[in-house]
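Chemist: Residue numbers (this note's numbering): 262 to 535. Once you've had a glance at the structure underneath, I'll fire off some questions.
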Ligand SMILES: Nc1ncnc2c1ncn2[C@@H]1O[C@H](COP(=O)(O)OP(=O)(O)O)[C@@H](O)[C@H]1O
Ligand SMILES: [Mg+2]
């Protein structure tokens, strides 16, 4: 088990390092893992929620921080309709399926589009990383917004990020964005744990495998940039259905073939850190 580090003031850390402040983990958490994609709609939130549930099932204490301020989807995917309680200082995460969750969607009316300027995004992220009572977490999974913008930058500058997973679909256009994502994390000094090929293929009733969006592109990109290829997740209507109903597939059907894939990922991630 990794040891808890003693708390240091910012000034003390600056003095000790002689330059920039040493970045700390989010309080109450051991390891911070970003789930990222450079493009929207590739299944990043679906991956983040199911991975969180799978990590919990393999014995880890897990939280999800929905950092997609412009398009939060964690409340819907986990079927959460309540508002977090506050003690006047900090917000309590909402616990669902044994996962501690926080999302801007808990605090705003989700049908009304939010108009955020960059500094407001940064301040929302700071609230979520500094003003939430995350409790005894092994992992906090960050569902990042798509792209390479303010949110990714704020996290990498202010928080000790322990790893990033990049989710993509196999289309060529998506792959170009993946390369941008790889370059961003490399530049920010965040270790990329690997790439995921989501909605990789479809298993037909005829027993054949259909590569609807292309074949092997994510794996080739991983090889080209010397990153780990974590694996493929097929297209399965059950995944979308269960997400829409607020009970992700790993929770709804733990023995489903897709859930087994997620449990394998979870064991892999857990073994990196513990
Ligand atoms: N493996 C999968 N099979 C079928 N549908 C999927 C799969 N992964 C994601 N989806 C669906 O794709 C849509 C986009 O996923 P989402 O997780 O919201 O993407 P993102 O967070 O990258 O924008 C959702 O409707 C989701 O249910
Ligand atoms: Mg999303």
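Glycine is no exception: its CB is placed at the ideal position from the N, C-alpha and C atoms. Treat the numbers as computed from the prediction; the structure is a model and nothing was measured.
#1: Quick check on DSSP: helix, strand or coil for residue 331?
#2: For residue 440, which three-state DSSP category applies?
#3: Kindly examine ligand 1 and report whether one of its heavy atoms sits closer than 8 angstroms to the Cβ of residue 308.
#4: By Cβ distance, which residues of its chain are closer than 7 angstroms to residue 438, with the 5 residues on each side in sequence left out?
#5: My guess is that residue 426 and residue 455 are in contact by the Cβ rule of under 8 angstroms, so how many angstroms apart are they, rounded?
#6: Can you tell me whether residue 391 is buried or exposed, with buried defined as 16 or more other CB within 10 angstroms of its CB?
#7: Can you tell me whether residue 460 sits near ligand 1, meaning its C-beta is under 8 angstroms from at least one heavy atom of the ligand?
#8: Let's test the definition: count the other Cβ atoms within 10 Å of the Cβ of residue 415 and tell me whether it reaches 16, buried, or not, exposed.
#9: Just the Cα atoms here: how many angstroms apart are residue 320 and residue 288?
#10: Does DSSP put residue 275 in a helix, in a strand, or in coil?
#11: When you measure from the CB of residue 407 to every non-hydrogen atom of ligand 1, does any distance come out below 8 angstroms?
#12: Alpha helix (DSSP H) containing residue 527: first to last residue?
#13: At the level of alpha carbons, what is the spacing between residue 464 and residue 283?
#14: Could you tell me which residues DSSP pairs with residue 321 in its beta bridges?
#15: Would you tell me roughly how many angstroms separate the C-alpha atoms of residue 515 and residue 322, rounded to the nearest one?
#16: In the DSSP assignment, the alpha helix (DSSP H) including residue 388 goes from what residue to what residue?
#17: Whole-angstrom Cβ separation of residue 336 and residue 308, contact assumed at under 8 angstroms?
#18: Could you give the distance in angstroms between the alpha-carbon of residue 275 and the alpha-carbon of residue 420?
#19: Could you work out which residue in 441, 360, 373 is closest to residue 403 when comparing CA atoms only?
#20: For residue 349, which of 369, 381, 393 has the nearest alpha-carbon?
#21: Just reading off the beta strand (DSSP E) that residue 365 is part of, what are its end residues?
#22: Touching or not, the region 497 to 505 and the region 515 to 525, by the rule of three or more beta carbon pairs under 8 angstroms?
#23: Which term fits residue 524, buried or exposed, when burial requires 16 or more other beta carbons within 10 angstroms of its beta carbon?
#24: Would the beta-carbon of residue 505 be found less than 8 angstroms away from any heavy atom of ligand 2?
#25: According to DSSP, what are the bridge partners of residue 464?
Modeler: Concretely, from the data shown:
#1: Of the three classes helix, strand and coil, the one that applies to residue 331 here is coil, per DSSP.
#2: If DSSP states are grouped into helix, strand and coil, residue 440 belongs with the helices.
#3: Of the heavy atoms belonging to ligand 1, at least one sits nearer than 8 angstroms to the Cβ of residue 308.
#4: The beta carbon of residue 438 sits closer than 7 angstroms to those of 299, 300, all from its chain and outside the five residues before and after it, given in chain order.
#5: The Cβ separation is near 6 angstroms, so the contact holds.
#6: Result: exposed.
#7: Between ligand 1 and residue 460, a heavy atom-to-CB distance of less than 8 angstroms is present.
#8: Residue 415 counts as buried, since no fewer than 16 other beta carbons sit within 10 angstroms of its beta carbon.
#9: Those two C-alpha atoms are separated by around 20 angstroms.
#10: Residue confidence for residue 275 is low, a pLDDT of 49 falling below 50, so the modelled location carries little weight; the figure read from the coordinates is stated next. Of the three classes helix, strand and coil, the one that applies to residue 275 here is helix, per DSSP.
#11: Indeed, a heavy atom of ligand 1 lies less than 8 angstroms from the Cβ.
#12: 518 to 534 is the span of the alpha helix (DSSP H), which, as asked, contains residue 527.
#13: So the two alpha carbons sit approximately 48 angstroms from each other.
#14: DSSP output for residue 321 lists no bridge partner at all.
#15: One Cα belongs to residue 515, the other to residue 322, and the distance between them is close to 18 angstroms.
#16: Note, residue 388: alpha helix (DSSP H), 379 to 391.
#17: That pair is no contact at about 17 angstroms.
#18: Confidence at residue 275 is low in this model, with a pLDDT of 49, below 50, so its placement is unreliable and no value can be given for it.
#19: For the options 441, 360, 373, the alpha carbon positioned closest to that of residue 403 is the one of 360.
#20: Among 369, 381, 393, the Cα nearest to that of residue 349 is on 393.
#21: That residue, residue 365, is in no beta strand (DSSP E); it is neither H nor E in DSSP.
#22: These segments touch.
#23: It counts as buried.
#24: For ligand 2, no non-hydrogen atom lies closer than 8 angstroms to the CB of residue 505.
#25: Beta-bridge pairing links residue 464 to 470.
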